[in-house]
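**Student:** Quick one: the structure is below, questions incoming.
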Amino acid sequence: TATTAGAASWTTVGGLSNASTWRLVTDFTGDASPITNWEEADTDGAARVGAAMGHSSGIFTFPNTGIWEIIFVYQCRGSTSSLYQYCYIKTTTDNSSYNTATRVSQSTDGANADSNTVSHFIFDVTDTTTHKVRFDIDVNNAGTTTQGDTDHNVTHVIFKQLGTT
Numbered sequence: 002t003a004t005t006a007g008a009a010s011w012t013t014v015g016g017l018s019n020a021s022t023w024r025l026v027t028d029f030t031g032d033a034s035p036i037t038n039w040e041e042a043d044t045d046g047a048a049r050v051g052a053a054m055g056h057s058s059g060i061f062t063f064p065n066t067g068i069w070e071i072i073f074v075y076q077c078r079g080s081t082s083s084l085y086q087y088c089y090i091k092t093t094t095d096n097s098s099y100n101t102a103t104r105v106s107q108s109t110d111g112a113n114a115d116s117n118t119v120s121h122f123i124f125d126v127t128d129t130t131t132h133k134v135r136f137d138i139d140v141n142n143a144g145t146t147t148q149g150d151t152d153h154n155v156t157h158v159i160f161k162q163l164g165t166t
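In this note's numbering, the protein residues as written are 2 to 166.
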């Protein structure tokens with residue numbers, strides 16, 4: 002049986018048993034390790050397939066074991082030119098040590114210039130108590146603002162369970 006974050010509800014979609022979108026609620030400036038201010042998308046007909054991801058202080062817990070696709074969409078605005086913004090997907094398999102699963106880089110060219118990037122990782126979650134994920138940002142220019150909004154997706158994450166292990 003599916004649960005829903007919005008108006009729609011499904012048991013499975015395209016064979017997926019779990020899928021959800023989480024978004025950054027508000028802007029923040031500078032680095033974050035991890036990003037903490039997330040909510041599950043809940044406007045404009047947003048829906049979840051299956052069980053909810055757990056979230057506490059920037060750490061996401063998977064509701065089921067299996068193969069999970071994680072897509073991290075990051076958007077920022079520079080106060081001046083910035084050589085880099087590193088966006089990380091960091092995973093743990095021991096509920097303690099977080100390692101860099103992906104690192105993508107982008108730059109901004111001038112004041113008030115927007116920039117975005119996408120990072121992607123397939124994670125084999127064999128134990129829901131030890132296998133977790135978080136998202137970090139490291140910016141070259143401390144005035145760089147990571148963009149978020151409670152009403153629509155800007156910086157956001159998509160979780161999809163692709164299969165079982």
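Quick reminder that beta carbons are idealized off the backbone N, C-alpha and C, glycines included.
Helix, strand or coil, according to DSSP, for Asn154 in the structure here?
**Tutor:** Residue state, collapsed to three classes: coil.
**Student:** With which residues is Phe73 paired in a DSSP beta bridge?
**Tutor:** DSSP output for Phe73 lists Ser120 and Val158 as bridge partner(s).
**Student:** Is DSSP giving Ser29 helix, strand or coil here?
**Tutor:** Looking at the sequence shown, residue 29 is not Ser but Phe. Strand, per DSSP.
**Student:** Does the region 14-24 come close enough to the region 104-124 to have 3 or more Cβ pairs within less than 8 Å?
**Tutor:** Contact fails: fewer than three Cβ-Cβ distances are below 8 Å.
**Student:** Closer than 6 Å by C-beta to Asp152: which residues in its own chain qualify, once you throw out the five before and the five after it? Chain order, please.
**Tutor:** If we look at Asp152 and ignore the five residues flanking it on each side, its Cβ neighbours are Thr44.
**Student:** Indicate, with yes or no, if the ligand COA has a heavy atom lying under 7 Å from the CB of Ser98.
**Tutor:** Inclusion of the ligand COA in the displayed structure is not the case, the ligand content being empty and no account of it being possible.
**Student:** Would you please state the rounded distance, in angstroms, between the beta carbons of Gly79 and Ala112? I believe it to be under 8 Å.
**Tutor:** Confirmed, about 7 Å.
**Student:** Going by CA-CA distance only, name the one from Tyr75, Lys161, Trp69 and Gly46 that's closest to Thr27.
**Tutor:** Looking at the Cα atoms, Tyr75 is the closest of the given residues.
**Student:** Rounding to the nearest angstrom, what Cα-Cα distance links Asn142 and Thr30 in this structure?
**Tutor:** Straight-line Cα distance between these residues: approximately 10 Å.
**Student:** For Ser108, which three-state DSSP category applies?
**Tutor:** The answer is strand: DSSP assigns Ser108 an E or B state.
**Student:** Asn154 and Ala42 look like a contact to me (Cβ under 8 Å); what is the Cβ gap, rounded to whole Å?
**Tutor:** Contact holds; Cβ gap of about 6 Å.
**Student:** One question on the structure: do Thr109 and Tyr99 come within less than 8 Å of each other, judged by their Cβ atoms?
**Tutor:** Not a contact, by the Cβ cut-off of 8 Å.
**Student:** Would you kindly report the start and end of the unbroken beta strand (DSSP E) that includes Thr62?
**Tutor:** Segment Ile60 to Thr62, the beta strand (DSSP E) holding Thr62.
**Student:** Where does Thr130 fall in DSSP's three states?
**Tutor:** Three-state DSSP puts Thr130 in coil, outside helix and strand.
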